[in-house]
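Enquirer: Quick note on the numbering used here: the sequence shown kicks off at 72 and runs consecutively.
Heads up, the beta-carbon is just placed ideally off N, CA and C, and yes, glycines get one too.
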Amino acid sequence: MRQDWETLLAIYRRTREAVQEFVHLLHPIIEQAQNDHERLYYHHILEEEEHHLQRLDRFLPHLEKRVREADGEPLDQRDDVILLQYLALETFGLHNFVEHLDLALYEFKDQPIGERLRQLRMRAYQDYVQTKEITRALVGQEAFDHDDEELRPENSPIAASSSERSAPMEPAPAPPLRPNRRERRFTVGSLIGR
């Protein structure tokens with residue numbers, strides 16, 4: 072178990088460094104925005120990642136304490152609950168970070184910054200998958216009972232370099248059309264007088 076906590080600590084330290092780099096990359100993008108929409112768009116992402124950094128700064132001391140005490144006295148139940156809440160929140164934060172990198176890649180995929188964004192994205196995705204696996208081992212399978220298929224590199228055409236891209240996927244068949252008939256629903260008014 073100590074190894075799991077140490078792995079998580081390394082992942083979230085690396086995540087903090089990557090988020091700091093991404094925030095640093097966003098500042099000139101916002102300053103050089105061509106219009107208000109672009110400026111607001113990247114400013115919104117910047118604010119979310121700044122909040123992510125603040126949460127990481129609160130989470131990492133708890134995680135460091137857990138690593139120090141993993142072989143010694145067990146944490147009290149309250150500390151474990153707080154730590155697991157932070158872990159769940161930061162796993163979600165890492166998920167959002169991957170999505171924010173994808174969004175930035177749409178704009179900058181063919182520019183020099185694009186390669187660095189792609190590297191950050193691939194590392195963050197690997198960390199996210201590993202974090203989910205460790206969290207499942209710590210708290211049970213139900214911790215993440217959904218599949219993040221949209222985050223997989225093969226499903227993000229701008230995340231993989233052109234040499235890593237897979238063949239285009241066939242579009243999914245359209246769902247069958249249901250006849251447009253009005254369903255009878257009960258309302259308070261329809262039940263009066265019955």
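From V200, A208 and R139, pick the residue whose C-alpha is nearest to that of L82; which is it?
Expert: One point to set straight first is that residue 82 is Ile, not Leu, in the sequence displayed. Nearest option by C-alpha distance: V200.
Enquirer: Would you say W76 and R137 are within 8 Å of each other, going by their C-beta atoms?
Expert: yes
Enquirer: Do the stretch 151-167 and the stretch 93-107 make contact, defined as three or more Cβ pairs closer than 8 Å?
Expert: no
Enquirer: Answer yes or no: do E135 and H171 have a C-beta to C-beta separation smaller than 8 Å?
Expert: no
Enquirer: Determine the extent of the alpha helix (DSSP H) in which M193 is found, giving its start and end residues.
Expert: P183 to V210
Enquirer: Which class does T86 belong to by DSSP, given the choice of helix, strand or coil?
Expert: helix
Enquirer: Rounded to whole angstroms, what's the CA-CA distance from R236 to D150? Just pull it up for me.
Expert: Confidence at R236 is low in this model, with a pLDDT of 42, below 50, so its placement is unreliable and no value can be given for it.
Enquirer: Could you give the residue range of the alpha helix (DSSP H) that holds N106?
Expert: Per DSSP, N106 belongs to no alpha helix (DSSP H) and is neither H nor E.
Enquirer: To the nearest angstrom, report how far apart E161 and D181 are at their CA atoms.
Expert: 30 Å
Enquirer: Could you compute how far the alpha carbon of G211 sits from the alpha carbon of E88?
Expert: 29 Å
Enquirer: Tell whether a beta-carbon distance below 8 Å holds between A141 and R73.
Expert: yes
Enquirer: Would you kindly work out how many angstroms separate the C-alpha atoms of V94 and Y113, rounded to a whole number?
Expert: 10 Å
Enquirer: What's the gap between the Cα of T78 and the Cα of H115?
Expert: 30 Å
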